[in-house]
Every structure is written in structure tokens, then in C-alpha cells.
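Student: Take this structure, written in C-alpha cells, and hold onto it; I'll ask about it next.
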Amino acid sequence: MVTFSGFYSHSFAPEDKEICKKFEEIIKSFGFELYEHKRRESEPLSKEIIKHIEEKDVFISVITKNSFWLRDESTVAFHEKKPMIIFYEEGLNLGGVLNDNSINKVPFRREYLLNSIIDNGILKTLNYFKESLIGDMYFPFYRKDEIIAYRKIIDENTYEVREKHTITSLNDLTQEIPYTSRVISKNNIDISINQNSFEFKVLKKPERKKIYYDIRRNDKQEFKLIVKINPNLSKNEQLKYQFKYKRKNLKRMFKEQINLIENGKVYPTYKNTYYQRTNVVIEQPTKKIVIRMEFPEDYPIHDYGAYVFLNKTSNRNYDEEKRIKVVFDDNVGGNPYIQLEVKYPKINHNYHLWWEVPSKEEYLRSKK
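Residue numbers (my numbering): -16 to 351.
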């Protein structure tokens, strides 16, 4: 599976509400979809609870001094051989199956909950836990984004990128926001993104916050935009910014321009590969993503669509693709565009918007 559901076992005592809610926010920021079932300490495990534990992909529990009785839910998950992670209040002697070395266990201190999340390995354990399920993943930045990504083919030589980001902090840790884009290919090493060709604008920020940005290049043919916030964004604070730049057009406008390059030789592509694509990788909790690809006036589009892959793999997420809304607008006298839109996209997934490229003859004929 690509998306993971979790049974969230925790105390419902009033004195534990704040702690369990904090853990819930952190766990969800890693992309887990949590299910919980409220029951009293004196109640035995019902068949319904056992069924839900069995059905979920993972088991995650927060055990406090007030909820040590939750061990029985953990025991069910252990015997079902579920991937497990247990957060327990410091000083508790877990005992029984919870002492098994196969279970990820992390202690926390009630009075220093935030510090324990940073210092005692809670984040690292969650990250390792997720990596063991799906392989390599980017470390989440504990914020919620809304991304509006506009791409535009100006002409055969020019490609424009515009993006607007709305960042809402999920805790008090948000200090840097990185954005990485692969803009250079082996055949286009003359492309450059620098401060002079880059337009950056802050649309909204909390009072007394200073926003800086820096553009970096690396040896992986990528450029990276780093947005720095001083002091940190606090929980629920929001930052809005946008940027725009133009570069040499790597997108092929016409079928005649698309070739397959292998071992330095150029081969014409097959008919069903006459398409181009643009994409966005989701690296942190995101409320909404919109990708719009705009084309020159009267540019004919025959076929288009979207697909989603688990990042850095060939694993396609067909269920996620069903949630995507893709529209095509061919305004007479305006720029045609295709647009992908999805709410709450999955962390560590790559969202692609693709279109079939027309021939140059078709394009010239459409302009008459």
C-alpha cells in the first residue's frame, strides 16, 4: 500500500487531552490517517475494536500513567504482527509483550512534552517508522501548505514558472522552507536561475517577522529556494509568498521536437509517447494543490490527464488519482490551459499533469 492507516490508541482522560492531541498532530504530519475508538478503563476489548486494529495498517499508542490499561490493545496488535510504535510516559514499566525488541518504543516527559519530541527521538522514530514502511521519504516540515503552481509556455524558447504558497505552522518549529526544482538538463547546461531573474514577494506575514530568501545551485542540476523566517513561525501563524521566474524552455511544444536520447544517440519517439508533463512533489502536510499548465494562444490540445507516483519510485497510486480533478479550458482568443486540483494530497507523492503535444502543422493550422 502507498497510504497508511493507523489505529491510534490513547487515553481519553481529561488530564491527558493536551498530550494526546499534540501527539496526534505530530503523527498526522507524517501522513498517517488515524482511527481512534473511545472506551472506559473498565470495559473489555470489544469485537469492533479488535476488528479495527486488525484492519489498520499500523498501530500507534500513547500510554500515560493514567492509561496503562491500554496494554491490551497493544497486545492484540502485537499478535496480529502489526507494525507498532509506542510512546510511553517516562517511569512506566511496560512489561509483557511491550518489552519485545521488535516494537518501536519512545519515552516522553509530561512536563517537557515539546522538548521530549525534539530531544528524545520522537520525530526521528516516526520518520524511521515511516521509512521502514514505504522506503525513502523526505522529512516533514510540520506545516500545512496550500500550493498554486502555474506553468506557462510563452513560446518555443521561453518557459515561465509562477507559484503561490500559503504556509500555516502546525507547531513552533517552522524556520526554513525549502523549494527544490530540477531546471537543468545535460543538454541545456546554459540555464541559470539567479537573484536578477527571480521575482519574490511576501503577500502576508505575522507582525515582527522578517522574511529572507536565498537561491542556491547544486551539482545535481537543481536550484533551491530557501525561505527563512526570523523568529520562527509559531503554531497557527501564517505566511503567504509568491515567486516567478523565466528560463529557457525545456518543454517540447511540437511532436517533431521530442526525441529519445540513449547513449548519446537520438531516436524518434513512438506515437504514444508524444506528451510532456509538469509536476509537484508533496514533501509536507498540504491542504490543497493546484497545478495549471498554460499554452500559447490557439495551441491545440487533444489529450491530457494526471497521474500520481510514490516519490522516487515507479509505484503508481491509482486510488489517489481518482480524487484528482483535471479540467481543460480552451478559451477563444485566450491562452488554453489544463489544470490539476486535489485537496489534502499525500505526503511523499509526485503529482503529474500531462498533455499530448501537437505537431507544428496542427498548431499553425489552428492559428489561421
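Glycine is no exception: its CB is placed at the ideal position from the N, C-alpha and C atoms.
1) In chain order, what residues of the same chain lie with their CB nearer than 6 Å to the CB of S(-8), ignoring the 5 residues before and after it?
2) When the Cα atoms are used, what is the spatial distance from Q322 to R126?
3) Which of the three DSSP states, helix, strand or coil, is assigned to S349?
4) Report the three-state DSSP secondary structure of E19 (helix, strand or coil).
5) Do A289 and V273 have their CB atoms nearer than 9 Å?
6) Taking only runs that begin and end inside the segment 42 to 122, name each unbroken alpha helix (DSSP H) of 4 or more residues, in chain order.
7) Can you give, in chain order, each stretch of the beta strand (DSSP E) that sits fully within the segment 219 to 296 and has at least 3 residues?
8) What residue from V264, F(-10), E159 and R306 has the CA that sits closest to I130's CA?
9) Would P328 be called buried (16 or more neighbouring beta carbons within 10 Å of its own) or exposed?
10) How would you label Y195, buried or exposed, when you count the other beta carbons within 10 angstroms and need 16 or more for buried?
11) Alpha carbons only, please: which of K193, K326, F6 and P283 is nearest the one belonging to F91?
12) Below 8 Å, can you find three or more Cβ-Cβ pairs linking the segment 142 to 154 to the segment 218 to 236?
13) Identify every residue that forms a DSSP beta bridge with K414.
14) Between M276 and K147, is the Cβ-Cβ spacing less than 9 Å?
15) Within the chosen definition, does the segment 63 to 72 reach the segment 12 to 23 through at least 3 CB pairs nearer than 8 Å?
16) Assign H285 to one of two classes, buried (16 or more other C-beta atoms within 10 Å of its C-beta) or exposed (fewer than that).
17) Starting from D312 and walking both ways along the beta strand (DSSP E), at which residues does that stretch end?
18) Could you check the C-alpha separation between E303 and S180 for me, to the nearest Å?
19) Is the beta carbon of N262 less than 9 Å from the beta carbon of Y320?
20) Any idea if T157 is buried or exposed, counting beta-carbon neighbours within 10 angstroms, 16 or more meaning buried?
21) Give me whichever residues DSSP pairs with D138 in a beta bridge.
22) Could you give the DSSP three-state label for D197: helix, strand or coil?
23) So K207 is in the beta strand (DSSP E); what residue range does that whole segment cover?
24) By how many angstroms is the C-alpha of S217 removed from the C-alpha of V80?
25) Between the Cα of T163 and the Cα atoms of D197, K238 and V325, which residue gives the shortest distance?
26) Please name the residue in L293, D281, N84 and P283 whose C-alpha comes closest to that of E266.
27) Hey, could you find the ends of the beta strand (DSSP E) E182 is sitting in?
28) Considering only the beta carbon of each residue, do R200 and P214 sit closer than 9 Å?
29) Is S342 closer than 9 Å to K234 when the C-beta atoms are compared?
30) In whole angstroms, what separates the C-alpha of H62 from that of G78?
31) Below 8 Å on the Cβ atoms is my contact criterion, and I expect L109 with I10 to pass it. Report the Cβ-Cβ distance as a whole number of Å.
32) Hey, how far is the Cα of K270 from the Cα of Y287?
33) Identify, in the order they occur along the chain, each residue of the same chain with its Cβ nearer than 6 Å to the Cβ of K184, setting aside the five sequence neighbours on each side.
34) Enumerate in chain order the residues of its own chain whose CB-to-CB distance from R348 is below 6 Å, with the five nearest sequence positions on each side excluded.
35) What's the gap between the Cα of L28 and the Cα of F13?
36) Going by C-alpha to C-alpha distance, which of M236, K88, L208 and L96 sits closest to D(-1)?
Tutor: So, to answer that:
1) The sequence position of residue -8 within the sequence shown is 9, counting from 1. Correct list, in chain order: S44, L53 and E56.
2) If you number the sequence shown from 1, residue 322 lands on position 339. If you number the sequence shown from 1, residue 126 lands on position 143. Looking at the two C-alpha atoms, the distance is approximately 25 Å.
3) Counting from one through the sequence shown, the residue named residue 349 turns up at place 366. Look at S349 here: in three-state DSSP terms it is helix.
4) Counting from one through the sequence shown, the residue named residue 19 turns up at place 36. E19 falls in the coil class under three-state DSSP.
5) Taking the first residue of the sequence shown as position 1, residue 289 is located at position 306. Taking the first residue of the sequence shown as position 1, residue 273 is located at position 290. Contact: no.
6) 54 to 62, 96 to 102 and 105 to 117, all fully within the segment 42 to 122.
7) Taking only runs of at least 3 residues, the beta strand (DSSP E) segments lying wholly in the segment 219 to 296 are 221 to 231, 242 to 245, 248 to 251, 258 to 265, 269 to 277 and 287 to 293.
8) Sequence index remark: in the sequence shown, residue 130 carries index 147 (1-based). For the residues V264, F(-10), E159 and R306, the minimum Cα distance to I130 belongs to V264.
9) Locating residue 328 in the sequence shown gives position 345, where the first residue counts as 1. Looking at its Cβ environment, which holds 16 or more other Cβ atoms inside 10 Å, P328 is buried.
10) For the purposes of this step, residue 195 is identified with residue 212 of the sequence shown, where counting begins at 1. Its Cβ having fewer than 16 others within 10 Å, Y195 is exposed.
11) The count along the sequence shown starts at 1 and reaches residue 91 at position 108. Taking F91 as reference, the option from K193, K326, F6 and P283 with the minimal CA-CA separation is F6.
12) yes
13) Nothing in the structure corresponds to residue 414, since the chain is present only between -16 and 351.
14) Reading the sequence shown from its first residue, position 293 is the one you call residue 276. Reading the sequence shown from its first residue, position 164 is the one you call residue 147. No; because the gap between Cβ atoms is not below 9 Å, this pair is not in contact.
15) Per the Cβ contact rule, the segment 63 to 72 is not in contact with the segment 12 to 23 (fewer than 3 Cβ pairs under 8 Å).
16) Looking up residue 285 in the sequence shown gives position 302. Exposed, since its Cβ has fewer than 16 Cβ neighbours within 10 Å.
17) Locating residue 312 in the sequence shown gives position 329, where the first residue counts as 1. D312 -> beta strand (DSSP E) spans K308 to D312.
18) Position 320 of the sequence shown, counting from 1, holds the residue named residue 303. Position 197 of the sequence shown, counting from 1, holds the residue named residue 180. Straight-line Cα distance between these residues: approximately 36 Å.
19) For the purposes of this step, residue 262 is taken as the residue at position 279 of the sequence shown. For the purposes of this step, residue 320 is taken as the residue at position 337 of the sequence shown. No, the pair does not count as a contact, with Cβ atoms beyond the cut-off.
20) Along the sequence shown, read from residue 1 onward, the residue named residue 157 stands at position 174. Under this definition T157 is a buried residue.
21) In the sequence shown, the residue the question calls residue 138 occupies position 155. In DSSP, D138 forms no bridge with anything.
22) Along the sequence shown, one-based indexing puts residue 197 at 214. Residue state, collapsed to three classes: strand.
23) Counting from one through the sequence shown, the residue named residue 207 turns up at place 224. Residues E205 to L216.
24) Reading the sequence shown from its first residue, position 97 is the one you call residue 80. Reading the sequence shown from its first residue, position 234 is the one you call residue 217. Looking at the two C-alpha atoms, the distance is approximately 39 Å.
25) For this step, residue 163 is matched to residue 180 along the sequence shown. Nearest C-alpha to T163: D197.
26) In the sequence shown, counting from the first residue as 1, residue 266 sits at position 283. Nearest option by C-alpha distance: L293.
27) Locating residue 182 in the sequence shown gives position 199, counting from the first residue. Here the beta strand (DSSP E) through E182 covers F181 to K187.
28) Here residue 200 corresponds to residue number 217 of the sequence shown, with the count starting at 1. Here residue 214 corresponds to residue number 231 of the sequence shown, with the count starting at 1. Not a contact, by the Cβ cut-off of 9 Å.
29) Along the sequence shown, one-based indexing puts residue 234 at 251. Along the sequence shown, one-based indexing puts residue 342 at 359. Their beta carbons are not under 9 Å apart, which means K234 does not touch S342 by this criterion.
30) As a working note, residue 62 is residue 79 in the sequence shown. As a working note, residue 78 is residue 95 in the sequence shown. So the alpha carbons of these two residues sit roughly 15 Å apart.
31) In the sequence shown, counting from the first residue as 1, residue 109 sits at position 126. In the sequence shown, counting from the first residue as 1, residue 10 sits at position 27. With 8 Å as the limit, L109 and I10 qualify as a contact, their Cβ atoms being about 7 Å apart.
32) Reading the sequence shown from its first residue, position 287 is the one you call residue 270. Reading the sequence shown from its first residue, position 304 is the one you call residue 287. Each residue's Cα considered, the two are about 24 Å apart.
33) To locate residue 184, count along the sequence shown from 1; it is residue 201. Same-chain partners within the cutoff: Q225.
34) As a working mapping, residue 348 is identified with position 365 in the sequence shown. So the list is empty, once near-sequence residues are dropped.
35) Here residue 28 refers to the residue found at position 45 of the sequence shown. Here residue 13 refers to the residue found at position 30 of the sequence shown. Each residue's Cα considered, the two are about 28 Å apart.
36) Residue numbering aside, residue -1 sits at position 16 when the sequence shown is read from its first letter. Of the candidates M236, K88, L208 and L96, the one whose C-alpha sits nearest the C-alpha of D(-1) is L96.
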